[in-house]
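Quick note on the working numbering: the sequence shown kicks off at 2 and runs consecutively.
All residues carry an ideal CB built from backbone N, CA and C; glycine is no exception.
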Amino acid sequence: MSTVEANPEVASNPVPELHDLELTAARDARVGAMTVRRLLPLRLRRSVGAWCFVDHYGPLDVDGVTGMNVPPHPHIGLQTVTWLLAGTVLHRDSLGSEQLIRPGQLNLMTAGRGIAHAEESPASHDPVLHGVQLWVALPDGSRHAEPAFEHHAKLPQSRLGGFAVTVLVGELAGARSPATTFSPIVGAELTAAGRPANCLLPLRPDFEHVAFIAAGRASVDDVELAVGQLLYLPDGRPEVLLAAPAGATLMLLGGVPLGEPLLMWWNFVARTPAEIATATAAWRAGEFGSVGGYQGGPLPAPPLDTARLRRPA
């Protein structure tokens, strides 16, 4: 997914040291014709572990309308993690991949040194669209890797205190995902399926985490969470208390603090302004490759304001 904002925000870290629970609100952002809740990056917190971008969209009524339509656009230095709660999305990329994703399945694209892709609702699509789009920053030793795409139709699941736990990436509650990762991270969906749920969820103490609500409401260590809020949990916590009414869905993301400065602009995760400028010029020159099958032109890069691109401290 692309940020596709008229005035893309330049995001950089490191973030300030914060040792207590931290609750922030999403901001609205435009992705094509959709308005999404952007939970990361925010001014207070740019990344959590290697997770550097979180969009939550829907549920949207797309019955008889186009739905998602994000034209071909480029990425460098990151992985995209696509997860649906309802609906269908068709992924195409410059490697020649073409994959329909449904709820409960994972699309994982590693941009590495550079890839282009498009995402759209197929011509015959479900009437409701609801999902999350996540980015993982690649560590310095892997961010120039060859681009790749993988689809996982089935993911490991476990149950804990009434929660159905699906592990997208990493390991949680005794289940481990087969998805490729380049740094120690975890991403999981926890659903109170059919009845209220509560549990003491074990965490890796060397991970920092965030939690947000995809549907319904829930409490995390007695902090009430609603849709559009992000709760930060600093490292050093061996467990967290979760409670939710029937039908609620909670997303948990975490990882070892990356410990590297990041520079994010448009769809690029880099380290220096020069890398961003080079990637932008390469996209405008058509050097990322074509996305076959998409009916329409590529997404133009926004104007590059070099004065706003500063190397992070």
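Check	Outcome
At least three beta-carbon pairs within less than 8 Å, the region 207–215 to the region 262–279	no
Given 8 Å, three or more beta-carbon pairs between the region 54–66 and the region 126–136	yes
Straight-line gap, A180 to P258 (C-alpha atoms, nearest Å)	20 Å
At least 3 beta-carbon pairs within less than 8 Å: the region 135–151 vs the region 99–113	yes
Which of helix, strand or coil DSSP assigns to P274	helix
When H74, A165, V32 are compared against P299, the one with the closest alpha-carbon	H74
Beta-carbon proximity list for L43, same chain, < 6 Å, skipping 5 on both sides	T25
Same chain, Cβ closer than 8 Å to F289, neighbours up to 5 away in sequence not counted	P75, S95, G115, I116, A117, A283
Rounded straight-line distance, which links the Cα of L85 to that of F316	Only positions 2 to 314 of the chain appear in this structure, which leaves residue 316 out of reach.
Supposed close pair C200, L232 - CB separation, criterion 8 Å	In fact, because the Cβ distance is near 16 Å, the residues do not count as touching under 8 Å.
Beta bridge counterpart(s) of C200 as assigned by DSSP	L243
For R196 and V224, the rounded distance between their alpha carbons	20 Å
Bridge-paired residues (DSSP) for S159	V166
F150 - partner residues in DSSP beta bridges	M110
Own chain partners of V228 with C-beta closer than 6 Å, once the 5 adjacent residues on each side are dropped	I214
Environment of P148 [buried if 16+ CB atoms lie within 10 Å]	buried
A174 - partner residues in DSSP beta bridges	BP columns for A174 are empty, so no partner.
Backbone CA spacing between T167 and E240 [nearest angstrom]	18 Å
Any non-hydrogen atom of the ligand HEM closer than 7 Å to G33 Cβ	As presented, the structure is devoid of all ligands, the ligand HEM included, so that no description of it is given.
At least 3 beta-carbon pairs within less than 8 Å: the region 95–104 vs the region 33–43	no
Extent of the continuous beta strand (DSSP E) run through S220	218–221
8 Å contact criterion, which L79 and L156 should meet: CB distance rounded	So it is not a contact: roughly 21 Å between Cβ atoms.
Between the CA atoms of H92 and N1 - distance to the nearest angstrom	This structure does not reach residue 1, given that the chain is present from 2 up to 314, and the question cannot be answered.
Exposure label - R144; buried when at least 16 CB within 10 Å	buried
Distance between E190 and A245 (C-alpha atoms, nearest Å)	13 Å
DSSP state of T307 mapped onto helix, strand, coil	helix
H20, DSSP secondary structure in three states	The predicted position of H20 is uncertain, since its pLDDT is 46 and thus under 50; a value taken from the coordinates is nonetheless stated next. Correct three-state label for H20: coil.
Where A124 falls, given that 16 or more other Cβ within 10 Å makes a residue buried	exposed
G105 versus V221: straight-line alpha-carbon distance, rounded	23 Å
Pair within 8 Å by beta-carbon distance, P185 and G260	no
Other residues of its chain near A193: CB distance less than 7 Å, five sequence neighbours each side excluded	G163, F164, A245, P246, A247, G248, A249
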